[in-house]
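Colleague: Below is one structure. I have some questions about it.
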């Protein structure tokens, strides 16, 4: 039976798709964001996003003649608000769900089929025009910052994995001896090199479960167990907070004084 409501269809997709728990969480946030956008409302952000139920959106709205225009307008609005990189990531999550729904006959066509990812700035690791070059990357990694930031920054640099996936890592998925994280079905292997290998055991420090990267305080009531450390009660570090910390820490190294983004740290793939 075809679900009537977008959020219900989204949960069916998330339950049936070959996604790891961390990826499933990221996809759920993206799809909930689309529910707000597709009814012409601004998605909640920050602390207001946690626990906010998406608005009711009939799935049939994505199957009518005006559906492609509705999706395109929402995509343009989102890109203007959060930038091309975030909007592209959320579009990718929606496209995956739409294909899954079409394959089951819940939609007759993909209303996002005509959309293409927006161009983004050249990788900032390429040089000082967009962010830190190799010499400045070494300076970033040499900054005196808390161990959590040190590990995350090395992991971003060495793994080539999306930052959202790194923040979704759980301690019990780490294979420290082989410098890798055990991948779920459908995921690319996640491996790291010497810098991460040297620091990561210090960050784990005897923990056997829960999020790898934790906030500095106990998680508030209502945070799901998968995003809470069973030993300390601290919550999973959010992308927003990780990005803020990196930008603030790198501002003194940036000639413009603004600081760089975590994406600038990623090593360009060859």
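Residue numbers (my numbering): 1332 to 1601.
C-beta atoms are modelled at their ideal positions from N, C-alpha and C, and glycine is treated no differently.
Under a Cβ-count criterion, where at least 16 other Cβ atoms within 10 Å of its own Cβ denotes burial, should residue 1490 be classed as buried or exposed?
Modeller: Answer is buried; the Cβ neighbour count reaches 16.
Colleague: Identify the continuous alpha helix (DSSP H) that holds residue 1497 and give its terminal residues.
Modeller: Where residue 1497 is concerned, the enclosing alpha helix (DSSP H) stretches over 1494 to 1498.
Colleague: Using only the alpha-carbon positions, how far apart do residue 1527 and residue 1566 sit?
Modeller: Cα-Cα distance, rounded: 22 Å.
Colleague: Going by DSSP, what residue range makes up the alpha helix (DSSP H) through residue 1571?
Modeller: Residue 1571 -> alpha helix (DSSP H) spans 1570 to 1581.
Colleague: Beta strand (DSSP E) containing residue 1526: first to last residue?
Modeller: Per DSSP, residue 1526 belongs to no beta strand (DSSP E); it is in the alpha helix (DSSP H), 1525 to 1535.
Colleague: Closest to residue 1364 by CA distance: which of 1419, 1529, 1374 is it?
Modeller: Of the candidates 1419, 1529, 1374, the one whose C-alpha sits nearest the C-alpha of residue 1364 is 1374.
Colleague: As a quick exercise: from 1590, 1342, 1335, pick the residue whose alpha carbon is nearest that of residue 1467.
Modeller: Looking at the Cα atoms, 1590 is the closest of the given residues.
Colleague: Should residue 1431 and residue 1348 be called a contact, given that it needs their Cβ atoms to be closer than 9 Å?
Modeller: Yes, these two residues count as a Cβ contact at 9 Å.
Colleague: Starting from the N-terminal side, write out each stretch of the alpha helix (DSSP H) that is 4 residues or longer and does not extend beyond the stretch 1534 to 1561.
Modeller: Correct list: empty.
Colleague: For residue 1344, tell me which candidate among 1506, 1480, 1507, 1428 has the shortest Cα-Cα distance.
Modeller: The candidate whose alpha carbon is nearest that of residue 1344 is 1428.
Colleague: Between 1478, 1507, 1572, which lies nearest to residue 1534 when the distance is taken from Cα to Cα?
Modeller: Measuring from the Cα of residue 1534, the nearest candidate turns out to be 1478.
Colleague: Since residue 1333 and residue 1437 should fall inside the 8 Å C-beta cutoff, what is the C-beta to C-beta distance between them, to a whole number of angstroms?
Modeller: Right, their Cβ atoms sit about 5 Å apart.
Colleague: Decide if residue 1605 is buried, meaning its Cβ has at least 16 other Cβ atoms within 10 Å, or exposed.
Modeller: Given a span of 1332 to 1601 for the chain in the structure shown, any question on residue 1605 remains unanswerable.
Colleague: Considering only the beta carbon of each residue, do residue 1362 and residue 1425 sit closer than 9 Å?
Modeller: Yes, Cβ-Cβ distance for residue 1362 and residue 1425 is below 9 Å.
Colleague: Tell me whether the beta-carbon of residue 1339 lies closer than 9 Å to the beta-carbon of residue 1390.
Modeller: In this structure, residue 1390 lies closer than 9 Å to residue 1339 by Cβ.
Colleague: Work out the CA separation of residue 1563 and residue 1552 for me, nearest whole Å.
Modeller: Each residue's Cα considered, the two are about 14 Å apart.
Colleague: Please check the pair residue 1580 and residue 1480, which I expect to be a contact at CB under 8 Å, by giving their CB distance rounded to whole angstroms.
Modeller: Rounded, the Cβ-Cβ distance is 7 Å, consistent with contact.
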